[in-house]
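In this note's numbering, the protein residues as written are 1 to 587.
C-beta: ideal position from N, C-alpha, C; glycine also.
All of these numbers come straight from a predicted model, not from anything done at the bench.
Remarks on the structure that follows.
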Amino acid sequence: MKSFSIGWNPDSIVIKLIGAFLLVMLPLCALSISITYYSSNQMQAEVERANESKVHFYYSHLEFELQRITGLVTEYSQDETLATFSTRIPIMSRYEVDSNLNNIYTKLKQIKETSPYISDVVYYVPEINKRVSAAVGVRDVTNEEWQSLLATMGNLKGALSKYEDELYLLRSNPYNLDRNLSPNFLLGVKLSSPELELRLKEFAVSGGSDITLAFGNNDYVISTSDQKPRLFPIEKPLNSEETVSVQRYRFDNSFYYSLYDHSNNFRLTANIPNTVLMKPIHVYSLLLWLLFVVSIVIIILFSLWTYRMIHRPMSILIRGFKKAEQGQTGIFITHSRRDEFGYLYSRFNEMLKHLNTLIDENYVQRIRTGEAELKHLQSQITPHFLYNSLFSIKQMAEVENVELIKEFSDYLGQYFRYMTRDSAQEVTLQQEQEHALVYLAIQRIRFGARIRAEVDEIAADCRDIKVPRVLLQPIIENVFEHGLKQKSSNGLLKMSYEKVEHTLTIIIEDNGDSLSEDKLNLLQRQFSEQNAIQGEITGLLNVNQRLRIKFGSPYGLMAERSCLGGLCVRVNLPLKGDVQDATNDDS
Numbered sequence: 001m002k003s004f005s006i007g008w009n010p011d012s013i014v015i016k017l018i019g020a021f022l023l024v025m026l027p028l029c030a031l032s033i034s035i036t037y038y039s040s041n042q043m044q045a046e047v048e049r050a051n052e053s054k055v056h057f058y059y060s061h062l063e064f065e066l067q068r069i070t071g072l073v074t075e076y077s078q079d080e081t082l083a084t085f086s087t088r089i090p091i092m093s094r095y096e097v098d099s100n101l102n103n104i105y106t107k108l109k110q111i112k113e114t115s116p117y118i119s120d121v122v123y124y125v126p127e128i129n130k131r132v133s134a135a136v137g138v139r140d141v142t143n144e145e146w147q148s149l150l151a152t153m154g155n156l157k158g159a160l161s162k163y164e165d166e167l168y169l170l171r172s173n174p175y176n177l178d179r180n181l182s183p184n185f186l187l188g189v190k191l192s193s194p195e196l197e198l199r200l201k202e203f204a205v206s207g208g209s210d211i212t213l214a215f216g217n218n219d220y221v222i223s224t225s226d227q228k229p230r231l232f233p234i235e236k237p238l239n240s241e242e243t244v245s246v247q248r249y250r251f252d253n254s255f256y257y258s259l260y261d262h263s264n265n266f267r268l269t270a271n272i273p274n275t276v277l278m279k280p281i282h283v284y285s286l287l288l289w290l291l292f293v294v295s296i297v298i299i300i301l302f303s304l305w306t307y308r309m310i311h312r313p314m315s316i317l318i319r320g321f322k323k324a325e326q327g328q329t330g331i332f333i334t335h336s337r338r339d340e341f342g343y344l345y346s347r348f349n350e351m352l353k354h355l356n357t358l359i360d361e362n363y364v365q366r367i368r369t370g371e372a373e374l375k376h377l378q379s380q381i382t383p384h385f386l387y388n389s390l391f392s393i394k395q396m397a398e399v400e401n402v403e404l405i406k407e408f409s410d411y412l413g414q415y416f417r418y419m420t421r422d423s424a425q426e427v428t429l430q431q432e433q434e435h436a437l438v439y440l441a442i443q444r445i446r447f448g449a450r451i452r453a454e455v456d457e458i459a460a461d462c463r464d465i466k467v468p469r470v471l472l473q474p475i476i477e478n479v480f481e482h483g484l485k486q487k488s489s490n491g492l493l494k495m496s497y498e499k500v501e502h503t504l505t506i507i508i509e510d511n512g513d514s515l516s517e518d519k520l521n522l523l524q525r526q527f528s529e530q531n532a533i534q535g536e537i538t539g540l541l542n543v544n545q546r547l548r549i550k551f552g553s554p555y556g557l558m559a560e561r562s563c564l565g566g567l568c569v570r571v572n573l574p575l576k577g578d579v580q581d582a583t584n585d586d587s
């Protein structure tokens, strides 16, 4: 006999399975690539903003210190002792002059101790050719020394001056346009270049960048770079230009952030090598390629695994069916598999073994048909509210309602644990009510205070009645979806029990106002149908059909209008031991 092979038929399940896998994997790979590129660009922007923020931070720190030192110099230049000392010298005794010099020396030391950026504070008295220094004390000076220092005032086109390769902040009184005239005094603060360089290095050490501080027209430069730094020209500010402006430049293999202070006339420049700036991008690129390679490997391995684990054993099974179609009922598939295909092979062998018996025993076939229909109906019950529940969790997460999320998630976990914990087709009525109450709690969290429920206790002698799984939940779900969903307040669901002779009736009713007479009549006609309804089966019809198959036509669902105004569904069940199961387990 010619063997049958699936081959690479486009209608093959294996081909469809691999195609579905590719349809899932390829969009995920494309999405991962897009996210990676987007994240890379975002990271580069964040690194650039971080470095720019670092430059801004150091600038703010330096500007604050300069303003504070300038304020101190201005304040002490107006101090009575310093401002009037030169004019009072002619009427002072030698002792008074020395005492005032010592007092001035003390004030200068106080200024020096206010900031680590101050290396010395000097005070010149041209009247007696004296110089008071916070670092070295009082000494005599020549006119050339203080005149040279005075001549540098403002030579950096800002608040600072450069004298003998040092930075000074100078004040004289009175301010004379004629530099040849002697001022009453000259007060100067010498800034500490090593301290400025140290602070620059502290800011430059994080991020692998070099920082350069240039005053004037690049007349005084401090840099953390071991090589000659790149200097940018000083722009002349426009009238409408801000006091501080920031520019970005890209040269060679580095990226520069340049911040210029027009009022103090200095430029702060940070340069970051592209290797440092682009390092996160390169890491993401490597991860992207790794993801691509791993995805290709997974696709190849999955295809080989699918062919080996599904295609080949399925070919054996199909060949067996072909032979069975030709009437060869005595064939036997020899195997040692323990997976699903092993089970299928065993069932195939058993099927052929008992084929004639199953044909002859028609009533067994009828029972199997009923059982298959029951399982089919039960398999249609799916948690339609799952999507709404996940959306509710999302809403609670957006408002950070952690406690309600915990409570809601706990109920949701109990719900799905009941739905999936085992394969038993029947449970006790007590267990089914507990599951229904869990579902009811979930819905009450969703709908809030506008819905309330009244549920009666089950009588002790009815709790152990065996009923099909997921019996009450679809009915309660119908109440919320079609009865109470539109009510903005005072929604009510009632569930009660009553026993009449050999029948237990579960009554579930609501006070919804959307039930028309036409809908009620349609539902009553559908419940009274003896045969399964063709086409789409709703939750209520599903439950009704399952009860009829399980217990027979006298039982099932009945619909009527509730005294509350909405729908009343009556679930009729046989009391324990009063009816035989309509299906048998022949396994």
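Around the C-beta of residue i, are 16 or more other C-beta atoms found within 10 angstroms, so that it is buried, or is it exposed?
i	result
Pro27	exposed
Lys406	exposed
Gln227	exposed
Trp146	buried
Glu65	buried
Asn253	exposed
Phe588	This structure does not reach residue 588, given that the chain is present from 1 up to 587, and the question cannot be answered.
Tyr363	Only weak support is given to the placement of Tyr363: the predicted model assigns it a pLDDT of 44, under 50, and the value that follows is read from those uncertain coordinates. The residue in question, Tyr363, is exposed, as its Cβ has fewer than 16 Cβ neighbours within 10 Å.
Val402	exposed
Ile359	No answer about Ile359 holds up, because its pLDDT of 49 lies below 50 and its placement is not dependable.
Phe391	exposed
Val297	exposed
Phe408	buried
Arg469	buried
Cys563	exposed
Gly19	exposed
Tyr411	buried
So what's residue i in DSSP terms, helix, strand or just coil?
i	result
Arg548	helix
Leu160	coil
Ala270	strand
Val455	strand
Arg248	strand
Leu504	strand
Ser119	strand
Arg308	helix
Tyr76	helix
Lys228	coil
Ile331	coil
Leu564	coil
Leu141	With the sequence shown as reference, residue 141 is identified as Val, and Leu is not the correct amino acid for it. Of the three classes helix, strand and coil, the one that applies to Val141 here is coil, per DSSP.
Arg337	coil
Ser254	strand
Lys485	coil
Ile475	helix
Pro313	helix
Taking the DSSP output, what are the residues bridged to residue i?
i	result
Asp513	Looking at the DSSP assignment, Asp513 forms no beta bridge with any residue, so it has no partner.
Asp559	According to the sequence as given, residue 559 is Ala; it is not Asp. BP columns for Ala559 point to Val569.
Pro468	Glu426
Met351	Met351 is not bridged to any residue.
Met153	In DSSP, Met153 forms no bridge with anything.
Ile211	Ala270
Leu520	In DSSP, Leu520 forms no bridge with anything.
Met495	Val455 and Ile508
Val221	Ala214
Val132	Tyr123 and Val138
Pro27	Beta-bridge pairing links Pro27 to no other residue.
message = What ranges does the beta strand (DSSP E) occupy inside the stretch 163–203, keeping only unbroken runs of at least 3 residues that lie completely in it?
response = 166–173 and 185–191
Whether or not the stretch 502–516 and the stretch 480–494 are in contact is what I'm after, with contact meaning three or more pairs of Cβ atoms, one per stretch, closer than 8 Å; do they touch?
yes
Validate contact between the stretch 116–136 and the stretch 180–198 using beta carbons, cut 8 Å, 3 pairs
yes
**Asked** Are at least three pairs of beta-carbons, each pair with one atom in the stretch 93–111 and one in the stretch 148–164, less than 8 Å apart?
**Response** no
- Hey, is the stretch 439–457 in contact with the stretch 468–483, meaning 3+ C-beta pairs nearer than 8 Å? yes
Query - Contact between the stretch 153–170 and the stretch 212–220 (3+ Cβ pairs under 8 Å) - result: yes
Check your understanding: How do the stretch 451–466 and the stretch 496–509 stand: do at least 3 beta-carbon pairs fall below 8 Å, yes or no?
Key -> yes
Touch check for the stretch 53–70 and the stretch 302–311: three-plus C-beta pairs under 8 Å? no
For the stretch 390–447, which segments carrying the alpha helix (DSSP H) assignment without a break, of at least 4 residues, lie completely within its bounds, in sequence order? 402–420 and 429–447
Touching by the beta-carbon criterion (3+ pairs, under 8 Å), the stretch 428–436 and the stretch 462–473:
yes
Note to self: For the structure I just gave you, are there three or more beta carbon pairs, one from the stretch 125–134 and one from the stretch 83–99, closer than 8 Å?
What the structure shows: yes
*asked:* Which runs of the alpha helix (DSSP H) at least 4 residues long sit entirely within the stretch 48–98? Give them in chain order.
replied: 80–88
* **Touch test, the stretch 246–260 against the stretch 46–56, Cβ-Cβ under 8 Å, three pairs minimum** => The stretch 246–260 is in contact with the stretch 46–56.
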